[in-house]
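Following the UniProt record's numbering, the numbering of the sequence shown begins with 1 at its first residue and continues without gaps. Glycine included, every Cβ here is placed at the ideal spot set by N, Cα and C. Treat the numbers as computed from the prediction; the structure is a model and nothing was measured.
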Amino acid sequence: MPYPIDMAVLSAVGGEVRIAVRGWQPQINPAWVVAADELPQTEWDIGGGLLQASVTAGYRITSMTLAGTVTGALETAALDSQCGSAQLACARGTAASQATVDMSVLRNGTATGPALWRLDDAQGTHAYSLTASQPLTGEFDLEVNTYGMAFATAGVEDRHGDISYVPSRASLGFGDMILTVQVSPVPEPGTYAMLLGGLGLLGVAARRRQH
């Protein structure tokens, strides 16, 4: 099912307009994914969208930059100090994550200037920035695809068949995105809406979720 993209102009100064975008991010649960038994736990989601845009005659877009943040955490608990002895066989738990963002400009069905950002096993907050720097006039599409996944398996402690599990945790979350558009020549104040006619109005995000 398509979901509308929520876009809001943050600033329009000189030849630069900054637009906040919500709806392209994977809606992966930012809370912990916890594995506490024999079953692995995974949460993942894809997002993104296609913006159909047209630039007013006499102007051109010189570049577009998509920026945002990804925040993650991984945790595998320590095992019993007796692990490895004759009395206790152990296997440490695992925690992992992956985040990707890619952006392409489409003209007449052909993608140009693709840019890809990928981050594995995020700890803390990481910033990304993708830029399409080819000049654009007339009609074009901006395609963005995103993916997020968090995965965890519990640690195992086996005392001669008496098995216990040590929890592992993983989390991943996408922050807000900012699309910065550089325009030449510098538009008159109040003309950005006309200049970027259609930008965001026809954008939709197709998403599916799996837990």
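query: Can you check the region 17 to 105 for any alpha helix (DSSP H) of at least 4 residues that lies completely inside it and give the ranges in chain order?; result: none
query: Classify L74 as buried or exposed, calling it buried when 16 or more other Cβ atoms lie within 10 Å of its own Cβ.; result: buried
query: Taking the continuous beta strand (DSSP E) assigned at H126, which residues delimit it?; result: G124 to A132
query: Within its chain, find whatever has a CB closer than 6 Å to the CB of E143; leave out the 5 residues flanking it on each side and keep chain order.; result: L50, S104 and L106
query: Have a look at M177, A8, Q98 and Y165 and flag the residue whose alpha-carbon is nearest the alpha-carbon of L39.; result: Y165
query: Compute the distance between the beta-carbons of S168 and A95, then report whether it is under 8 Å.; result: yes
query: Taking just the CA atoms, how far does L130 sit from L66?; result: 5 Å
query: Is the beta carbon of A122 sitting closer than 8 Å to the one on A152?; result: no
query: In whole angstroms, what is the alpha-carbon distance linking D141 and A111?; result: 9 Å
query: Look up G173 in the DSSP assignment and say whether it is helix, strand or coil.; result: strand
query: Given this structure, state the Cα-to-Cα distance separating G84 from A91, to the nearest angstrom.; result: 9 Å
query: With a 10 Å radius around its C-beta and 16 neighbouring C-beta atoms as the bar for buried, classify G203 as buried or exposed.; result: No answer about G203 holds up, because its pLDDT of 41 lies below 50 and its placement is not dependable.
query: Can you tell me whether G155 is helix, strand or coil according to DSSP?; result: strand
query: Where do the ends of the beta strand (DSSP E) carrying L136 lie?; result: Premise fails: L136 is in no beta strand (DSSP E) and is neither H nor E.
query: Among the residues of its own chain, which have a CB less than 8 Å from the CB of A115, if the five just before and after it don't count?; result: D102, M103, S104, L130, T131 and A132
query: What does a CB cutoff of less than 8 Å around Q87 pick up in its chain, not counting 5 residues either side in sequence?; result: R159 and H160
query: Which first and last residues belong to the beta strand (DSSP E) in which L167 is found?; result: Looking at the sequence provided, one finds Pro at residue 167 rather than Leu. Premise fails: P167 is in no beta strand (DSSP E) and is neither H nor E.
query: Considering D120, what are the terminal residues of the beta strand (DSSP E) in which it resides?; result: T110 to D120
query: Where does G148 land, buried or exposed, given buried means 16+ other C-beta within 10 angstroms?; result: buried
query: Under the rule that 16 or more other beta-carbon atoms within 10 Å means buried, what is T125, buried or exposed?; result: exposed
query: Can you find the residues in the same chain that come closer than 6 Å, C-beta to C-beta, to L179, ignoring five residues on each side of it along the sequence?; result: I19, V21 and L66
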